[in-house]
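Note sheet for the following structure.
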DNA sequence: TTTTCAGAACAGACCGGTCAGTCTGTTGCA
DNA sequence: TGCAACAGACTGACCGGTCTGTTCTGAAAA
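Here it is, written out as structure tokens:
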């Protein structure tokens, strides 16, 4: 296993944290599922909290990869790229393993303000919004920051809605709303600076 | 205390559940904070799960009351009423005690599908959307169900965003997006059925 | 090629604390 | 007298985390 063991433990822990919840998942369960021992786990992750933070970092990296891959194969039309983000999440939601957003869930489970978990969630939230703002700026809308807030809230809302009401497929509705908002923002930009 | 004791225990438990998280809050902590005993708590609530469900029911009733009060004193303009819902949440978010939506948080903490907690969260989510749909229908929009989904997702998204990034005041941005979407839906209705 | 040895991983008992929930007994009020 | 509430010890399970000791492996040394 060598250096792989650390990754293996993290993979197993991440899956359990996501599917069952973080507080619900005990260290013993992780150790058992990973087929390893507590000593090995605590060698690589000094505490459960460290493991949780690693889980969030892993989730962020994974999601970033998925989104970048989708954007890379999307058309160059910036508006399409914005909508492609919704398509990514729609696909993720369709999986039976879907259990909401890891960061929203972690934020709900760890109430203590300023905790590393809350901090990681905040950083992801802001980073994701900035990604949308970049795409919105490329689309040439009037106020990219504002539109990015609108769109990120639509996505977050759709994620929690599907989590609470499985099968309601809200990401498609969120995408429709996004189209309206993007169209509006583009129209505003055109009106403000006519050729 | 008499019959009041049950209510008192629920009040204290509800506050702790909301502020600290449900799994984090032990029965002993509730008993101590309420100044009562375990025997009394378990007399009125046979299990902690029952107490959690009661907490959610209480939260639903409380929120319904707040929204109804706001709608009652809002103008008769149906569009204003829709926006007044956003004002309610903006006020709630401004409180330092704000810690997100009790139902979203509970849904994140209790992963088991079909559990009473998940069920209560689903019912609330759908009930809230229906309220928005009713208001949207009164506003005479083309597809009230669709608009209600959009607006409920904006609100949910703003709630989790404020939870993860305190002080980012996203409900105002959500309200702006709502105005655009409402305007769009009304314009569609006018276009579909011209005088 | 065989021996040796260090580090990595396994195995599992163990710690104090907390969990939800139960039990016995006492106090106080109507 | 009877019921509601208090008081608090108690159970068994589980929590995160530590500790001792064994087994495995792979590379250096002979």
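Residue numbers (the working numbering), protein chains in the order written: chain G, -8 to 186; chain C, -8 to 186. Glycine included, each C-beta is placed from N, C-alpha and C at the ideal position. Owing to the predicted nature of the structure, the values given are computational and were not obtained by experimental measurement.
The alpha helix (DSSP H) enclosing residue 61 of chain C, as first and last residue numbers
DSSP places residue 61 of chain C inside the alpha helix (DSSP H), whose first and last residues are 39 to 63.
Residues of chain C with CB closer than 7 Å to the CB of residue 132 of chain G, please, in chain order.
By Cβ distance, chain C contributes nothing, its closest Cβ being about 12 Å from residue 132 of chain G, past 7 Å.
With DSSP as the reference, label residue 130 of chain G as helix, strand or coil.
If DSSP states are grouped into helix, strand and coil, residue 130 of chain G belongs with coil.
Interfacial residues, the stretch 139 to 153 of chain C to chain G, with Cβ spacing under 8 Å
Contact annotation: in the stretch 139 to 153 of chain C, residues whose CB is within less than 8 Å of a CB in chain G are 140, 141, 143, 144, 145, 146, 147, 148, 149, 151 and 152.
Can you list the residues of chain G that residue 173 of chain C reaches, using a CB-CB cut of under 8 Å?
Counting only Cβ-Cβ distances below 8 Å, residue 173 of chain C has no contacts in chain G at all, with the closest Cβ about 10 Å away.
Can you look up residue 177 of chain G in the DSSP assignment and give me helix, strand or coil?
It is helical.
Looking at C-beta atoms only, is the number of pairs between the stretch 158 to 165 of chain C and the stretch 87 to 100 of chain C that lie closer than 8 Å three or more?
No, because fewer than three Cβ pairs between the stretch 158 to 165 of chain C and the stretch 87 to 100 of chain C fall closer than 8 Å, the two stretches do not touch.
Starting from residue 153 of chain C, trace the alpha helix (DSSP H) in both directions and tell me its first and last residue.
Counting along the chain, the alpha helix (DSSP H) containing residue 153 of chain C begins and ends at 135 to 155.
Endpoints, alpha helix (DSSP H) assigned at residue 29 of chain C:
Start and end: 29 to 35.
Give the residues from the stretch 81 to 112 of chain C that approach chain G closer than 9 Å (Cβ to any Cβ), ordered along the chain.
Among the residues of the stretch 81 to 112 of chain C, those with a Cβ less than 9 Å away from any Cβ of chain G are 90, 91, 92, 94, 95, 96, 97, 98, 99, 100, 101, 102, 103, 104, 109 and 112, in the order of the chain.
Is it true that the CB of residue 127 of chain C sits closer than 8 Å to the CB of residue 143 of chain C?
Not a contact, by the Cβ cut-off of 8 Å.
Which term fits residue -2 of chain C, buried or exposed, when burial requires 16 or more other beta carbons within 10 angstroms of its beta carbon?
Residue -2 of chain C is exposed by the Cβ-count criterion.
Is there at least one Cβ from chain G nearer than 8 Å to residue 11 of chain C's Cβ?
Yes - at least one Cβ of chain G is within 8 Å of the one on residue 11 of chain C.
Separation of residue 103 of chain G from residue 111 of chain G, as counted between CA atoms
Those two C-alpha atoms are separated by around 13 Å.
Cβ of residue 14 of chain C less than 8 Å from any chain G Cβ?
For residue 14 of chain C, the answer is yes, since a Cβ of chain G falls inside 8 Å of its Cβ.
Compare the Cα-Cα distances from residue 49 of chain G to each of G:3, G:169, G:101 and G:26 and report the closest residue.
Nearest option by C-alpha distance: G:3.
By Cβ distance, which residues of its chain are closer than 8 Å to residue 47 of chain G, with the 5 residues on each side in sequence left out?
The beta carbon of residue 47 of chain G lies closer than 8 Å to those of 93, 94, 97, 108, 111, 112 and 115 in the same chain, with the five residues before and after it left out.
With H, G and I counted as helix, E and B as strand and the rest as coil, what does DSSP make of residue 66 of chain G?
The DSSP-derived three-state label of residue 66 of chain G is coil.
For residue 17 of chain C, the three-state DSSP class (helix, strand or coil)
Correct three-state label for residue 17 of chain C: coil.
Is the beta carbon of residue 73 of chain G less than 8 Å from the beta carbon of residue 123 of chain G?
The beta carbons of residue 73 of chain G and residue 123 of chain G sit closer together than 8 Å.
As assigned by DSSP and simplified to three states, the class of residue 166 of chain G:
Three-state DSSP puts residue 166 of chain G in a helix.
If the cut-off is 9 Å on Cβ atoms, which residues from the stretch 25 to 46 of chain G count as contacting chain C, listed in chain order?
Residues of the stretch 25 to 46 of chain G with a C-beta less than 9 Å from any C-beta of chain C: none at all.
Any chain C beta carbon closer than 8 Å to residue -5 of chain G
So, not an interface residue.
Residues near residue 28 of chain C by beta carbon distance below 7 Å, same chain, minus five either side
22, listed in sequence order.
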